[in-house]
Amino acid sequence: MRLYVSCDMEGTAGICSWMQCDPSNRYEYPVYRRYMMKEVRAAIDGARSAGANDVVVNDSHWDMRNILWDELPSDVRVISGSRKPNSMTQGLQPGFGGAFFTGYHAAIGVENGVLAHTYTGDSVYNVRMNGLACSEALLNAAMCGYYGIPLLLLTGDSVVCKHINEHMPWVTTVVVKEGIGHYATDSLTPRAAQDLIREGAAQAIRDASKAEIFTFKSPVTMELEMTRIEQADFVELMPGFIRTGGRTLTFEHQDYAMVFRAFVAAYRLASAATPVA
Amino acid sequence: MNIYISCDMEGVAGVCSWEQVDARSYTPEYFIYQRHMTAEVNAAIEGARSAGATGMLVNDSHGPMRNLLLDELPADVRIMFGNRKPHSMVHGMNATYGGAFFTGYHGAIGDMNAALAHTYTPSVVYNARINGVTCSEATINAGLAGFYGVPVLLVTGDRVSVESVRSQMPWVEGVIVKESIGNYATDSISPEAAQQLIREGAARAIRNAGKAKPYVFKAPIELEIDLSRVEQADFIELIPGFMRTGARSVRFVHDDYPTVFRAFVAAFRMGAVAGNPA
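Line order of the protein sequences matches chains A and B. Using the numbering used here, you'd call the opening residue of the first sequence number 135 and step up by one each time. Using the numbering used here, you'd call the opening residue of the second sequence number 15 and step up by one each time.
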């Protein structure tokens, strides 16, 4: 089975602050970067013990250059670097037997979700697809679904794991920590988390035949609430976006991949809407 | 007759450097030319009114779009002030205007001997074409005025800018206030002489308004943008409706010109955030 791994960082065991996740941090980030990689490695090793073979890892955190090559097996493929049009789901295509999301975190606005956000913490206040409030995990799972690929494994804090199982009960989830508010955690040790992830990944592959495809029904309507009104001013400029309120917009399209890209365009354009000097 | 005035700054008499038109660096130079810019707008208003124009809307269209010295304008004009207007330099254009004036305008990006030539965002837009026509800001803005049936009546700026507009819209009254020498030098008449010429030109423009035509892009309208850098095209391609036509080129087609115009604004704004990832 070919396996797609999207690895984020905030949901790694022990992580509870942006300093640990920010690549420009010289002290804490290098430590947690290694834990992030070891969790990815654990997921790959577990999957392979249960029969997965070809693995593609898409680095999905921050500038998307967190990979430590010496922590990964030499025969995986890695998608690295920022500004991929499909971002955290770049490289998905028909042919993968399943997807793993490691180190994932809760959606913006979720209580006890450690470092909870949805793509950009400073412009996306809420995003809904066909009325469903979305986390990165849901947005990305639907991209997997678009290509006929089921989500098999998700690792992160208890809140994001519970959330994903509400929508996709077939997903094997590995809870590596409990959030205490936004910036604190009651966590397993990295080594214990890696052991659980290894076992969970093997289980996920063994249960793959029970997994279903998660999709949004076409036409897909995206409702986007921006953090600040000037961000909505900018997003409204893009063809197809309809302003529905001071800080709200909608975008509808038959094709979810187009909606996903419109979402990427929206939060990127919103980042230009800094306050006017 | 109501007149819509879009006033830019690079084409004001004497202007030949970014420092003179940079509202944000607070150089003594800027404050001098800010006054000249306002005086040229006043001259256009006076000339238009001497020939019978009445209501005036002035849309500050330069940089942060709050350059005009409001005390120096007639008390009964309407001012559009501030940045990020969805229709930018022609925001608020509608069918109630009998004509449009473009003052202080400048050449398109890539024009030779056009001081400070650029097209909206010099760091992003390498070339803009609509229906195959290479566009300056004046062309793009005239297209929006034309959509509402409003003809451009007057353009002021350097020789290249004015002649470029007149080659596309021969009915436009052009007032040449300077000859540019490359991108950063100019052989200019004095501000006072420029204001006098603009006053006379504006009056002529109103008197000849009957011969002017709206400048209209025929649907389907095809916008092609060449970008300065490939990563800007990467970002703009994400905007719904844009097609990538080359490493540094994109294309957008729509029947409705305001939609095309806003797509262009979205594109140059999106391009501006495509700097190097750190």
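Even for Gly, the Cβ is constructed at its ideal location relative to N, Cα and C. Remember, it's a predicted structure, so these values are computed and weren't measured experimentally.
Item                                                                                                                       : Value
Helix, strand or coil at Tyr140 (chain B) according to DSSP, with G and I counted as helix                                 : strand
Reference Ala276 (chain A); option with closest CA among A:Ile178, A:Asp193, A:Phe350                                      : A:Phe350
Chain B contact for Gly379 (chain A) (CB, 7 Å cutoff)                                                                      : no
Cβ of Met257 (chain B) within 7 Å of any chain A Cβ                                                                        : no
Sub-7 Å separation of Val176 (chain B) and Ala114 (chain B) beta-carbons                                                   : no
Asn187 (chain A), enclosing alpha helix (DSSP H) - first and last residue                                                  : Counting along the chain, Asn187 (chain A) falls outside any alpha helix (DSSP H), and DSSP gives it neither H nor E.
CB of Asn81 (chain B) within 7 Å of CB of Ala37 (chain B), strictly                                                        : yes
Cβ of Leu241 (chain B) within 7 Å of any chain A Cβ                                                                        : no
Where the alpha helix (DSSP H) through Arg395 (chain A) begins and ends                                                    : 390–404
Where Ala406 (chain A) meets chain B, residues with beta-carbon distance less than 8 Å                                     : Arg283, Met284, Ala286, Val287
Span separating the alpha-carbon of Phe235 (chain A) from that of Ile178 (chain A)                                         : 11 Å
Sufficient close CB pairs (3 or more, under 8 Å) joining the stretch 242–259 of chain A to the stretch 337–346 of chain A  : no
Beta-carbon proximity of Ala207 (chain B) to Ala62 (chain B), cut-off 7 Å                                                  : no
Interface partners of Ala396 (chain A) on chain B, CB under 7 Å                                                            : Pro254
With 16 other Cβ atoms within 10 Å as the buried cut-off, status of Tyr47 (chain B)                                        : buried
Interfacial residues, the stretch 357–390 of chain A to chain B, with Cβ spacing under 9 Å                                 : Glu364, Asp367, Phe368, Val369, Glu370, Leu371, Met372, Pro373, Gly374, Phe375, Phe385, His387
Beta-carbon proximity list for Ala176 (chain A), same chain, < 6 Å, skipping 5 on both sides                               : Gln328, Ile331, Arg332
Identity of the residues DSSP links to Tyr138 (chain A) by a beta bridge                                                   : A:Val190, A:Ala233
Three-state secondary structure assigned by DSSP to Glu359 (chain A)                                                       : strand
Candidates A:Val190, A:Leu202, A:Thr319, A:Pro207, of which the one nearest Gln224 (chain A) by Cα                         : A:Val190
Meets three-Cβ-pair contact criterion under 8 Å: the stretch 112–130 of chain B and the stretch 16–24 of chain B           : yes
Environment of Glu187 (chain B) [buried if 16+ CB atoms lie within 10 Å]                                                   : buried
Sequence-distant residues of the same chain with beta carbon closer than 6 Å to Val398 (chain A), five excluded per side   : Ser221
Residue of A:Arg199, A:Leu322, A:Val210, A:Met356 minimising C-alpha distance to Asp142 (chain A)                          : A:Arg199
CB-CB length for Ala250 (chain A) against Met284 (chain B), believed under 8 Å                                             : At roughly 27 Å, the Cβ-Cβ gap does not stay under 8 Å, so Ala250 (chain A) and Met284 (chain B) are not in contact.
C-beta contact flag for Ala67 (chain B) and Ile220 (chain B) at 7 Å                                                        : yes
Contact residues within the stretch 113–145 of chain B, judged by C-beta distance below 9 Å to chain A                     : none
Selected residue, minimal CA-CA separation from Leu237 (chain B), among B:Val274, B:Glu43, B:Asn222, B:Ala247              : B:Val274
Spatial neighbours of Asn16 (chain B) in its chain, beta-carbon cut-off 8 Å, leaving aside the 5 residues before and after : Ala67, Thr68, Gly69, Met70, Leu71, Thr110, Tyr111, Gly112
Presumed contact (8 Å Cβ cut-off) between Asn141 (chain B) and Thr148 (chain B), rounded CB distance                       : 7 Å
CB contact below 7 Å: Val191 (chain A) versus chain E                                                                      : Chain labels in this structure do not include chain E; the protein chains are A and B.
Euclidean distance between Cα positions of Arg377 (chain A) and His239 (chain A)                                           : 29 Å
Three-way DSSP call (helix, strand, coil) for Cys295 (chain A) in this model                                               : helix
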